[in-house]
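Novice: From first to last, the protein sequence lines are chains A and B. Take 82 as the starting number for the first sequence in the working numbering and just add one per residue. Take 2 as the starting number for the second sequence in the working numbering and just add one per residue. Ideal Cβ positions, reconstructed from N, Cα and C, are used throughout, including at glycine. Values in this document were obtained by computation on a predicted structure and should not be read as measured data.
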Amino acid sequence: MASALSYVPETAPSDFGETTKMNLFQSINSAMDVALATDPTAVIFGEDVAFGGVFRCTVGLADKYGKDRVFNTPLCEQGIAGFGIGMAVMGATAIAEIQFADYIYPAFDQIVNEAAKYRYRSGNLFDCGRLTMRAPCGAVGHGALYHSQSPEAFFAHVPGIKVVIPRGPIQAKGLLLACIKDDNPCIFLEPKILYRAAVEHVPVGDFTLPLTSAEVVVEGKDVTMVAWGTQVQVLREVCNMAQEKLGVSCELIDLRTIMPWDSETVIKSVNKTGRLLVAHEAPLTGGFAAEIASTVQGECFLHLEAPVERVCGYDTPFPHIFEPFYMPDKWRCFEAIKKLINY
Amino acid sequence: MPMPALTLLLHSTVLFYSSGNRNNGYAISTPTSEQYRGDGIASRAAGYGISTIRLDGNDVFAVYNATKAAREVCIKESKPVLIEAMTYRIGDHSTSDDSTTYRTTKEVHQFKQDSPITRLNTYLVKNGLWDPDKETAYREGAKRKVLEAFHGAKDRKKPPISDLMTDVYDRMPAHLERQAASMRRHVNMYSEQYPVQDFLEEDKAV
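1. Using the Cβ count rule (16 or more neighbours within 10 Å means buried), how would you classify alanine 295/A?
2. Cβ atoms of proline 232/A and isoleucine 185/A: under 9 angstroms apart, would you say?
3. On the three-state DSSP scale, how would you describe proline 133/B?
4. Roughly how many angstroms lie between the CA atoms of threonine 354/A and isoleucine 418/A, to the nearest whole one?
5. Residues of chain A with CB under 9 angstroms from glutamine 180/B, in chain order?
6. Assuming arginine 391/A is part of the alpha helix (DSSP H), what are its boundary residues?
7. Straight-line CA distance for lysine 420/A to leucine 358/A?
8. I need the boundaries of the alpha helix (DSSP H) containing histidine 282/A, first residue and last residue.
9. Tell me whether threonine 154/A counts as near the ligand NAD, meaning its Cβ is closer than 8 angstroms to at least one heavy atom of that ligand.
10. Does the Cβ-Cβ distance between alanine 143/A and serine 30/B come in under 9 angstroms?
11. Closest by CA to asparagine 265/A, which one among Asp287/A, Ala278/A and Phe207/A?
12. Go ahead and pull the three-state DSSP assignment for arginine 23/B.
13. Whose C-beta lies closer than 7 angstroms to the C-beta of glutamate 318/A among residues of the same chain, with five residues either side of it excluded?
14. Among Ala67/B, His12/B, Ile76/B and Tyr139/B, which has the Cα closest to the Cα of alanine 86/B?
15. Excluding five sequence neighbours on each side, which residues of the same chain lie with their C-beta closer than 7 angstroms to the C-beta of arginine 23/B?
16. Is there contact between the region 8-21 of chain B and the region 71-87 of chain B, where contact requires at least three CB pairs shorter than 8 angstroms?
17. Could you work out which residues of chain A lie near glutamine 36/B, taking near to mean beta carbons separated by less than 8 angstroms?
18. Contact defined as beta carbons within less than 8 angstroms: I believe methionine 340/A pairs with phenylalanine 236/A. What is the distance between those atoms, to the nearest angstrom?
19. Once the 5 residues before and after methionine 166/B are set aside, which same chain residues still bring their CB inside 6 angstroms of it?
20. How should serine 19/B be labelled, buried or exposed, when 16 other C-beta atoms within 10 angstroms of its C-beta is the threshold for buried?
21. Count the C-beta pairs between the region 276-288 of chain A and the region 89-100 of chain A that are closer than 8 angstroms, then say yes if the count reaches three, no if not.
22. Name, please, each residue of chain B whose Cβ falls closer than 7 angstroms to the Cβ of tyrosine 407/A.
23. Would a check of beta-carbon distances place arginine 413/A closer than 9 angstroms to chain C?
24. Taking only the alpha-carbon atoms, compute the straight-line gap between serine 95/A and threonine 289/A and give it to the nearest angstrom.
25. What would DSSP say about aspartate 142/B, mapped onto helix, strand or coil?
26. Comparing C-alpha positions only, which one of Glu271/A, Ser330/A and Cys209/A sits nearest to methionine 168/A?
27. Since aspartate 129/A meets chain B, which of its residues come closer than 7 angstroms, beta carbon to beta carbon?
28. With 9 angstroms set as the bound, which would you pick, yes or no: does the beta-carbon of asparagine 22/B sit closer than that to a beta-carbon of chain A?
29. From the DSSP output, in three-state form, read off histidine 361/A for me.
30. Can you pull the DSSP bridge partners for isoleucine 334/A?
31. Which chain A residues sit within Cβ distance under 7 angstroms of proline 196/B?
32. Compute the beta-carbon to beta-carbon distance between phenylalanine 126/A and threonine 92/A, rounded to the nearest angstrom, for a pair I have assumed lies under 8 angstroms.
33. How many whole angstroms separate the CB atoms of valine 140/A and asparagine 104/A, which I take to be in contact at a CB cut-off of 8 angstroms?
34. Give every residue of the same chain whose Cβ lies closer than 7 angstroms to the Cβ of histidine 384/A, excluding the five residues on either side of it in the sequence, and list them in chain order.
35. As a quick exercise: from Gly379/A, Glu271/A, Ala162/A and Gly219/A, pick the residue whose alpha carbon is nearest that of valine 347/A.
36. For methionine 87/B, would you say it is in contact with chain A, using Cβ-to-Cβ distances shorter than 9 angstroms as the test?
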């Protein structure tokens, strides 16, 4: 799948100003550059961020803004989260990096029991809204169990935090800046396979894209498809396959914010098409597609022509050599479209 | 409470060996000076009341003897012991890492002199147990062995695709059986799209 991935570049809205060619890690770098330039309290920290980061997302930032604003932490995710929460509570814009989403679990207690509940437990006296945590996620072709995970469902289940996943460079910069400026602790998951593979002309200036706002990427009338991150690219191909081979017109929605999610856009689409496919790399059971399917069957019951289809990773740890068989690839998704149409 | 302290209270016979990433000087690009203050790992174990020894991790005999002694203490006295073996990571963190971006080649060269393999070699040669001819012959033999194993493995097929679903639990639950069947059906239908020829056929599986 890694070799088969082709990223379709998008065009930024013209009112976002001058653009330049950037890949995903460069657009994320650009977002953090803007954040540190415009907000004197903003700092970036995490493992190996000072020399530029293992995925080069922080290249040049320590040189530009100094070691007291872009600095390494010890190898301790619990500490990174706890420290970030503390900084945010004290009024600094804290941008924390977790080196791989697969390593975020030592920070889970801090995120769930501290960050997510800070505002609620103090009756809005205190909050850690100025915290943003970034982590690379998703399949990369050879990542196996611990360099491929998509943990969005764990965090969607925790009221009090926001979870955001971009599909490309323009989206990443705008959504990351939105997370940094948002007054709630945010988890920003970056599909690592797109770091180099996704290239487009990205606005160089300061801009944001809205959170809790799903985007219709391709308009259609027969089937609604919902995904996020890399999977949006996979479903773009499925749109073409469905049109060419089945004469079926698909409407593709990028959810963008997993929590709180924009159910209105999805419901509106499913009421129009009557059919829904949701796809994600994370395992099927308890994955976020289940939440979407549940809401849709409640809100769109009489409009549905077929049960909701979910194409997801299987209920196993993310495999090594079996990755090509595990992934919710275009063939599995195409088969699901056929099921929806033929029901 | 941290795990090492727990092991002491519960009389666990655990040998903690601190070497590798925690005490080879670097965690990817981050030197130990940015990982912790205080006197290394050994001082922390001592702080918990755990018997501790710090040694030269590049001295094969020191490591062997210390580990042997530590193991005896562990078992005889039913308590944890910590060994802090001081060493240095000469290589890059991984094939994706270029360590010249965060340390000097001079520093690496300095520590290369201290390599445990080089030191053992020097000791053996000095004591007439090894010589350059034996070295050459051994290296060639080892290389040949590795290449034979490599080529042999390359030609072998990978385990059957059904292994994707096994060993999640001790026995495959019903929902995984259903997913396995669904995967099998799909791969059969679209076999040209998947690298099935690289994997053992189901009925040929060991």
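Specialist: On the basis of the data shown:
1. To locate residue 295/A, count along the first sequence from 1; it is residue 214. That one is buried.
2. Position 104 of the first sequence, counted from the first residue, corresponds to residue 185/A. Position 151 of the first sequence, counted from the first residue, corresponds to residue 232/A. Yes. Within cutoff.
3. Position 132 of the second sequence holds residue 133/B. Helix.
4. Taking the first sequence and counting its residues from 1, one reaches residue 354/A at position 273. Taking the first sequence and counting its residues from 1, one reaches residue 418/A at position 337. The alpha-carbon atoms of threonine 354/A and isoleucine 418/A are separated by roughly 12 angstroms.
5. Along the second sequence, one-based indexing puts residue 180/B at 179. Per Cβ cutoff of 9 angstroms: Leu365, Tyr395, Asp396 and Thr397.
6. Numbered from 1 along the first sequence, position 310 holds the residue referred to as residue 391/A. Taken as a continuous stretch (DSSP letters only), arginine 391/A belongs to no alpha helix (DSSP H), being part of the beta strand (DSSP E) at 390-394.
7. On the first sequence, residue 420/A is found 339 positions in, with the first residue counted as 1. On the first sequence, residue 358/A is found 277 positions in, with the first residue counted as 1. Computed Cα separation, rounded: 10 angstroms.
8. Taking the first residue of the first sequence as position 1, residue 282/A is located at position 201. It is not in any alpha helix (DSSP H) - histidine 282/A instead sits in the beta strand (DSSP E) that spans 280-284.
9. As for the ligand NAD, it is missing from this structure, which has no ligand bound.
10. Numbered from 1 along the first sequence, position 62 holds the residue referred to as residue 143/A. Numbered from 1 along the second sequence, position 29 holds the residue referred to as residue 30/B. No.
11. Here residue 265/A refers to the residue found at position 184 of the first sequence. When each option's Cα is compared against that of asparagine 265/A, the closest is Phe207/A.
12. Stepping through the second sequence from its first residue, residue 23/B is reached at position 22. Bear in mind that the predicted position of arginine 23/B carries a pLDDT of just 43, short of 50, making it too unreliable to give a figure here.
13. Numbered from 1 along the first sequence, position 237 holds the residue referred to as residue 318/A. Around glutamate 318/A: Lys411.
14. On the second sequence, residue 86/B is found 85 positions in, with the first residue counted as 1. Among Ala67/B, His12/B, Ile76/B and Tyr139/B, the Cα nearest to that of alanine 86/B belongs to Ala67/B.
15. In the second sequence, the residue the question calls residue 23/B occupies position 22. With a pLDDT of only 43 at arginine 23/B, under the threshold of 50, the placement of this residue in the model should not be trusted, and no figure is reported.
16. yes
17. Indexing the second sequence from 1 puts residue 36/B at position 35. Pro155 and Leu156, listed in chain order.
18. Residue 340/A sits at position 259 when you count from the first residue of the first sequence. Residue 236/A sits at position 155 when you count from the first residue of the first sequence. Contact flag correct, Cβ pair sits at about 7 angstroms.
19. On the second sequence, residue 166/B is found 165 positions in, with the first residue counted as 1. Same-chain partners within the cutoff: Leu177 and Ala181.
20. Within the second sequence, numbered from 1, the residue matching residue 19/B stands at position 18. Serine 19/B should be labelled buried.
21. yes
22. For this step, residue 407/A is matched to residue 326 along the first sequence. Chain B residues near tyrosine 407/A: Leu165.
23. Included in the structure are the protein chains A and B, with no chain C among them.
24. On the first sequence, position 14 is the one that residue 95/A refers to. On the first sequence, position 208 is the one that residue 289/A refers to. Approximately 14 angstroms between the Cα atoms of the pair.
25. For the purposes of this step, residue 142/B is identified with residue 141 of the second sequence, where counting begins at 1. This sequence places glycine at residue 142/B; aspartate is not what is there. Glycine 142/B falls in the helix class under three-state DSSP.
26. Within the first sequence, the letter at position 87 stands for residue 168/A. Of Glu271/A, Ser330/A and Cys209/A, the residue nearest in Cα terms is Cys209/A.
27. Stepping through the first sequence from its first residue, residue 129/A is reached at position 48. The contacting residues are Ile29, Ser30 and Thr31.
28. Residue numbering aside, residue 22/B sits at position 21 when the second sequence is read from its first letter. Low local confidence applies: a pLDDT of 38 at asparagine 22/B is under 50, so the model's placement there is unreliable, with the coordinate-based value given in what follows. Yes, because at least one Cβ of chain A sits closer than 9 angstroms to the Cβ of asparagine 22/B.
29. Against the first sequence, residue 361/A aligns to sequence position 280. Note: histidine 361/A maps to strand in three-state DSSP.
30. Residue 334/A sits at position 253 when you count from the first residue of the first sequence. Paired residues: Val297/A and Val307/A.
31. Mapped onto the second sequence, residue 196/B falls at position 195. Under the 7 angstroms cutoff, chain A gives Pro405.
32. Within the first sequence, numbered from 1, the residue matching residue 126/A stands at position 45. Within the first sequence, numbered from 1, the residue matching residue 92/A stands at position 11. Not a contact, Cβ separation roughly 34 angstroms.
33. In the first sequence, the residue the question calls residue 140/A occupies position 59. In the first sequence, the residue the question calls residue 104/A occupies position 23. Not a contact, Cβ separation roughly 12 angstroms.
34. Stepping through the first sequence from its first residue, residue 384/A is reached at position 303. Val351, Asn352 and Gly355, listed in sequence order.
35. Along the first sequence, read from residue 1 onward, the residue named residue 347/A stands at position 266. Checking every option, the nearest Cα to that of valine 347/A belongs to Gly379/A.
36. Position 86 of the second sequence, counted from the first residue, corresponds to residue 87/B. Not one chain A Cβ lies under 9 angstroms of methionine 87/B.
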